[in-house]
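Scroll down for the structure; my scribbles are underneath it.
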Amino acid sequence: MPDQPLLRMEGVSKRYGGIVALADAELSVRAGSIHAVLGENGAGKSTLIKILAGVVQPDAGSITLDGRAAGFPDPAAASDAGIVCVFQELSLIPDLSVADNIVARRPPTRLGMIDRRAQRRIAEAALARAGAADIHPRALVKDLPLSRRQMVEIAKALAQRPRILILDEATSALTAADVDKVFGVLKRLRAEGLALVYISHRMHEIEALADECTVFRNGRNVATYAAGTRSDQEVVEMMIGREYRHVFPPRTARAELPETVLAARGLSWTGRLRGVSFDVGKGEVVGLGGLDGQGQRELLLGLFGVLRDLDGTIEVAGRPERIPSPTRARALGMALIPEDRKTEGLMLPMTVGENLTFAAFDRIARRGIVDRAAEAKLVAEMTRLLAIKTASPDIPVGALSGGNQQKVVIAKWLANRPRIILLNDPTRGIDVGTKQEIYQLLRGLADAGAAILFYSTDYAELIGCCDRVLVMYDGAVVRELAGPEITERALVASALNIPGSAA
1 MPDQPLLRME GVSKRYGGIV ALADAELSVR AGSIHAVLGE NGAGKSTLIK
51 ILAGVVQPDA GSITLDGRAA GFPDPAAASD AGIVCVFQEL SLIPDLSVAD
101 NIVARRPPTR LGMIDRRAQR RIAEAALARA GAADIHPRAL VKDLPLSRRQ
151 MVEIAKALAQ RPRILILDEA TSALTAADVD KVFGVLKRLR AEGLALVYIS
201 HRMHEIEALA DECTVFRNGR NVATYAAGTR SDQEVVEMMI GREYRHVFPP
251 RTARAELPET VLAARGLSWT GRLRGVSFDV GKGEVVGLGG LDGQGQRELL
301 LGLFGVLRDL DGTIEVAGRP ERIPSPTRAR ALGMALIPED RKTEGLMLPM
351 TVGENLTFAA FDRIARRGIV DRAAEAKLVA EMTRLLAIKT ASPDIPVGAL
401 SGGNQQKVVI AKWLANRPRI ILLNDPTRGI DVGTKQEIYQ LLRGLADAGA
451 AILFYSTDYA ELIGCCDRVL VMYDGAVVRE LAGPEITERA LVASALNIPG
501 SAA
């Protein structure tokens with residue numbers, strides 16, 4: 001590696017009102033290397049990359065590129081300088097094609113019009129470079145599952161031929177197969193001389209990819225070290241500033257089978273669900289395992305009344321129930337924590353308080369008029385329960401860190417006091433400290449009597465959080481694991497539907 005960093009940030013600071021997002025932050029990135037940036041949500045990572053991307057401007061500090069002073073007044077200037085970001089929250093336009101999205105910034109033209117042939121060639125090349133040649137350039141983005149949209153986002157970034165590629169939780173929505181492809185792409189880009197800044201909360205990814213690591217906490221970089229020279233426990237302790245204890249709370253021992261709160265019998269839907277049957281008892285955390293896209297999301301949506309023409313029977317507290325809409329599901333005491341907090345869970349321009357009370361309108365209103373005192377009390381209660389870090393309940397929820405946004409999504413539904421909680425990969429893209437808080441919260445809710453159905457793409461979560469796990473394959477439950485049977489080996493074998501793995 002060359003001694004001179006390609007990019008250097010020194011003394012960079014940024015404040016938002018009374019909140020210090022960055023304080024004298026430093027970062028040096030070398031060409032031909034992968035530099036991991038670690039830290040809890042709210043540690044300053046997002047602000048750091050937004051400054052590099054030209055999205056926000058620093059209050060103080062300097063940036064040098066190739067040894068020369070640099071500044072990026074807007075994203076176009078950063079892109080022109082060769083700095084391109086792949087954000088966790090996608091920037092794609094759903095109603096446009098994959099090709100339209102990939103060349104959106106600089107579409108090829110001929111005689112003053114977009115050259116569709118050239119556009120398709122550029123898109124195909126970018127998709128192939130991203131390891132996603134199987135995605136058709138003419139496909140509409142809205143028709144793709146989230147994992148494939150993420151691959152398009154990466155291809156879009158590579159089409160801009162960056163010198164410095166920044167990836168913010170770029171694998172959080174990907175399937176295991178796509179993650180392997182992206183790893184191969186990133187290693188190839190490193191060999192080609194690109195500088196890569198990689199942000200992830202998945203420690204095994206850092207171990208597999210990074211050359212150097214920088215840890216941020218409370219807006220400051222607390223350590224930079226060569227990858228592999230610190231243990232996972234040491235890194236986590238640097239991130240959270242305290243001793244790292246057991247991640248998962250202990251399960252509650254039960255002498256007898258719990259009372260069934262939620263049951264499904266033969267649920268089927270358009271080939272995506274095939275005869276799914278299960279029970280969730282009072283005080284249980286039941287996991288949904290399997291490879292991404294095997295019907296887990298559809299199952300949760302079907303239970304919550306989102307899907308039309310769902311066949312089969314749903315029982316709540318022993319009674320068959322017809323659930324034609326989320327309104328009915330909510331009336332039955334259900335809550336759904338969705339997959340994508342930005343588009344499905346929050347109204348970003350609205351305030352933290354408004355988002356927190358949205359699902360509990362009946363608790364704070366009389367004859368359609370909001371009781372402001374009851375509203376303020378509920379907001380304070382939920383903010384305290386979830387330990388939501390916010391300067392005020394009156395700021396837009398979009399101004400919070402990703403982890404705190406996720407807490408607002410969960411708190412919004414807990415404000416409605418649900419007895420059945422459906423979770424769709426709720427810890428995707430959030431830090432270890434916030435994950436621990438959510439694990440403790442889920443176990444506490446279960447101990448208080450809630451029935452929880454919990455889909456996660458993280459095997460460690462299924463092993464550590466769940467009393468039982470239902471493994472799905474091709475829209476059906478192929479195996480149920482309980483207690484000591486819930487191991488990574490059993491989860492992987494069942495997810496792949498390997499003969500002999502099913503019960």
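Residue numbers (the working numbering): 1 to 503. Where is the CB? At the ideal position from N, CA and C, for every residue including glycine. The structure presented is a predicted model; accordingly, all values stated were derived computationally and were not measured.
Run of the alpha helix (DSSP H) containing residue i, from where it starts to where it stops
{"i": "valine 98", "result": "98–102"}
{"i": "glutamate 375", "result": "372–386"}
{"i": "lysine 187", "result": "176–191"}
{"i": "threonine 171", "result": "It is not in any alpha helix (DSSP H) - threonine 171 carries neither H nor E in the DSSP assignment."}
{"i": "phenylalanine 361", "result": "361–364"}
{"i": "threonine 434", "result": "432–447"}
{"i": "glutamate 480", "result": "Not the alpha helix (DSSP H): glutamate 480 falls in the beta strand (DSSP E), residues 476–482."}
{"i": "serine 494", "result": "488–495"}
{"i": "serine 13", "result": "From DSSP, serine 13 is part of no alpha helix (DSSP H) but of the beta strand (DSSP E) over 7–16."}
{"i": "asparagine 507", "result": "The requested residue 507 does not occur in the structure, where the chain is confined to residues 1 to 503."}
The beta strand (DSSP E) enclosing residue i, as first and last residue numbers
{"i": "leucine 22", "result": "19–29"}
{"i": "alanine 139", "result": "Premise fails: alanine 139 is in no beta strand (DSSP E) and is neither H nor E."}
{"i": "phenylalanine 216", "result": "212–217"}
{"i": "valine 397", "result": "Valine 397 -> no beta strand (DSSP E), and no H or E assigned at all."}
{"i": "cysteine 85", "result": "83–86"}
{"i": "threonine 47", "result": "No beta strand (DSSP E) contains threonine 47, which is instead part of the alpha helix (DSSP H) from 45–52."}
{"i": "serine 33", "result": "33–38"}
{"i": "leucine 453", "result": "451–455"}
{"i": "isoleucine 93", "result": "No beta strand (DSSP E) holds isoleucine 93; DSSP gives it neither H nor E."}
Beta carbon of residue i nearer than 7 angstroms to that of residue j
{"i": "glycine 305", "j": "alanine 329", "result": "yes"}
{"i": "valine 408", "j": "valine 397", "result": "yes"}
{"i": "alanine 195", "j": "valine 86", "result": "no"}
{"i": "valine 261", "j": "alanine 128", "result": "no"}
{"i": "leucine 288", "j": "leucine 422", "result": "no"}
{"i": "glycine 433", "j": "glutamate 124", "result": "no"}
{"i": "serine 33", "j": "leucine 22", "result": "no"}
{"i": "glycine 44", "j": "glycine 241", "result": "no"}
{"i": "methionine 382", "j": "alanine 411", "result": "yes"}
{"i": "arginine 312", "j": "arginine 254", "result": "The identity of residue 312 in the sequence shown is glycine, whereas the question assumes arginine. It is not a contact, given that the beta carbons lie outside the stated cut-off."}
{"i": "tryptophan 269", "j": "leucine 310", "result": "yes"}
{"i": "glycine 295", "j": "alanine 495", "result": "no"}
{"i": "alanine 446", "j": "valine 316", "result": "no"}
{"i": "leucine 481", "j": "valine 469", "result": "yes"}
{"i": "glutamate 259", "j": "lysine 282", "result": "yes"}
{"i": "alanine 159", "j": "valine 98", "result": "no"}
{"i": "valine 152", "j": "proline 94", "result": "no"}
{"i": "glycine 184", "j": "alanine 31", "result": "no"}
{"i": "arginine 274", "j": "alanine 476", "result": "yes"}
{"i": "arginine 120", "j": "proline 137", "result": "yes"}
{"i": "lysine 181", "j": "glycine 112", "result": "no"}
{"i": "histidine 35", "j": "glutamate 205", "result": "no"}
{"i": "asparagine 497", "j": "tyrosine 473", "result": "yes"}
{"i": "proline 75", "j": "alanine 53", "result": "yes"}
Proximity winner among the options, relative to residue i (alpha-carbon distances)
{"i": "methionine 154", "options": "Leu301, Phe216, Ala177 and Asn101", "result": "As written in the sequence, residue 154 is isoleucine, which differs from the methionine given in the question. Among Leu301, Phe216, Ala177 and Asn101, the Cα nearest to that of isoleucine 154 is on Asn101."}
{"i": "glycine 82", "options": "Ser97, Val103 and Ala157", "result": "Ala157"}
{"i": "aspartate 59", "options": "Leu196, Pro73, Leu65 and Asp66", "result": "Pro73"}
{"i": "asparagine 221", "options": "Gly275, Val37 and Tyr16", "result": "Val37"}
{"i": "aspartate 340", "options": "Pro5, Glu437 and Gly403", "result": "Gly403"}
{"i": "arginine 68", "options": "Val280, Met9 and Val141", "result": "Met9"}
{"i": "valine 506", "options": "Met239, Asp467, Ala208 and Ser172", "result": "Outside the displayed span of the chain (1 to 503) sits residue 506, for which this structure offers no information."}
{"i": "leucine 530", "options": "Ile114, Ser147 and Leu48", "result": "Not covered by the structure: residue 530. The range shown for the chain is 1 to 503."}
{"i": "isoleucine 164", "options": "Ser62, Asp66, Val235 and Pro320", "result": "Asp66"}
{"i": "valine 276", "options": "Ala25, Arg217, Val478 and Glu89", "result": "Val478"}
{"i": "serine 200", "options": "Ser172, Thr224 and Lys181", "result": "Ser172"}
{"i": "lysine 50", "options": "Val236, Ser79 and Ala31", "result": "Ser79"}
{"i": "leucine 189", "options": "Leu167, Met203, Ile486 and Met472", "result": "Leu167"}
{"i": "tryptophan 413", "options": "Gln436, Gly353 and Ser456", "result": "Gly353"}
{"i": "alanine 210", "options": "Gln233, Ala223, Arg217 and Leu186", "result": "Leu186"}
{"i": "glycine 483", "options": "Asp467, Tyr473 and Ala25", "result": "Asp467"}
{"i": "threonine 357", "options": "Ile314, Leu307, Arg105 and Arg417", "result": "Arg417"}
{"i": "alanine 529", "options": "Val55, Asp394, Ala227 and Gly54", "result": "A question about residue 529 goes unanswered here, because the residues of the chain that appear run from 1 up to 503."}
{"i": "valine 20", "options": "Val280, Asp134 and Thr47", "result": "Thr47"}
{"i": "tyrosine 16", "options": "Leu400, Thr457 and Ile420", "result": "Leu400"}
{"i": "glutamine 88", "options": "Gln150, Val236, Tyr225 and Pro5", "result": "Gln150"}
Just checking, does the segment 384–403 make contact with the segment 317–335 on the three C-beta pairs under 8 angstroms criterion?
no
Every unbroken beta strand (DSSP E) inside the segment 304–351 [3 residues or more]
311–316, 319–321 and 334–337
Does the segment 249–257 come within contact of the segment 425–433, defined as at least 3 CB pairs closer than 8 angstroms?
no
Could you say if the segment 483–493 and the segment 457–466 meet the contact criterion of at least three C-beta pairs nearer than 8 angstroms?
yes
Does the segment 315–331 touch the segment 174–186, meaning 3 or more C-beta pairs lie closer than 8 angstroms?
no
Please list the segments of the beta strand (DSSP E) lying wholly inside the segment 216–280, counting only runs of 3 or more residues, in order along the chain.
220–226 and 260–269
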